[in-house]
Amino acid sequence: MTLSQISQLPELKYKYQAHGQAIQVPSADVTAYTSIFLPTTDTNKALTAFSSNAKKGSPRETVAKYLQSRRICEYNIPKSKNHVNPYLDLWAVSCQLTSFLGPLLYQSYARPANAKRTHPILPILYHHVGCMAPIYEALYTGPRRLLQEEFS
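In our numbering, each number is its position in the sequence shown, counted from 1, plus 186.
In structure tokens:
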């Protein structure tokens with residue numbers, strides 16, 4: 187991606203579709219999605235709330251199902267009020283600017299490594315940080331797995 191392509195992304199917004207029609211994603215849904223990963227929230231509770239507040243057939247419901255299908259973390263991870271993560275903040279802002287609500291249940295995302303192609307800004311974070319945005323939960327648990335990966 188070039189800088190000019192990246193600068194156009196906020197105007198283009200991310201397009202979710204249902205039956206061939208583009209769906210406008212509410213800003214509150216994007217905020218709820220990004221808050222799942224904040225160090226000040228309990229991830230399990232935030233993901234449950236994100237799922238339970240989703241309208242049937244909405245992109246939010248689909249994203250919630252995808253995240254729940256991938257999550258295998260059984261650990262009780264304490265919240266952190268002092269954890270500073272500028273990359274997570276940058277990712278959250280980029281989600282708001284592009285109306286990105288999360289990855290959907292597409293066959294091409296069967297491997298979590300392919301999910302980096304869903305968000306228009308993630309390639310930049312991968313290039314500069316080496317991963318999406320290291321969340322507190324992943325840093326706290328260390329090398330233990332938080333997501334279920336499928337290998338073929």
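Idealized CB from N, CA, C, for every residue including glycine.
No experiment lies behind these values; they were computed from the predicted model shown.
Bounding residues of the alpha helix (DSSP H) (the contiguous stretch that carries residue i)
i           : result
residue 272 : 272-284
residue 249 : 245-256
residue 236 : 229-238
With 16 other Cβ atoms within 10 Å as the buried cut-off, status of residue i
i           : result
residue 243 : exposed
residue 336 : Unreliable positioning characterises residue 336 in this predicted model, as indicated by a pLDDT of 46, which lies under 50. The coordinate reading is nonetheless provided below. That one is exposed.
residue 270 : exposed
residue 264 : exposed
residue 167 : No statement about residue 167 is possible, as the shown extent of the chain runs from 187 to 338 and does not include it.
residue 258 : exposed
residue 340 : Nothing can be reported for residue 340: it is not among the residues displayed for the chain, which extend from 187 to 338.
Cut-off 7 Å between Cβ atoms - residues of its own chain near residue i, not counting five sequence neighbours on either side
i           : result
residue 190 : none
residue 221 : 227 and 232
Nonlocal neighbours in the same chain, by C-beta distance under 8 Å from residue i, ignoring five residues either side
i           : result
residue 254 : 233 and 237
residue 267 : 225 and 226
Other residues of its chain near residue i: CB distance less than 6 Å, five sequence neighbours each side excluded
i           : result
residue 250 : 236, 237 and 240
Inset, instruction - Answer yes if the region 269-281 comes into contact with the region 206-222, meaning at least three C-beta pairs across the two stretches below 8 Å, and no otherwise. - result: yes
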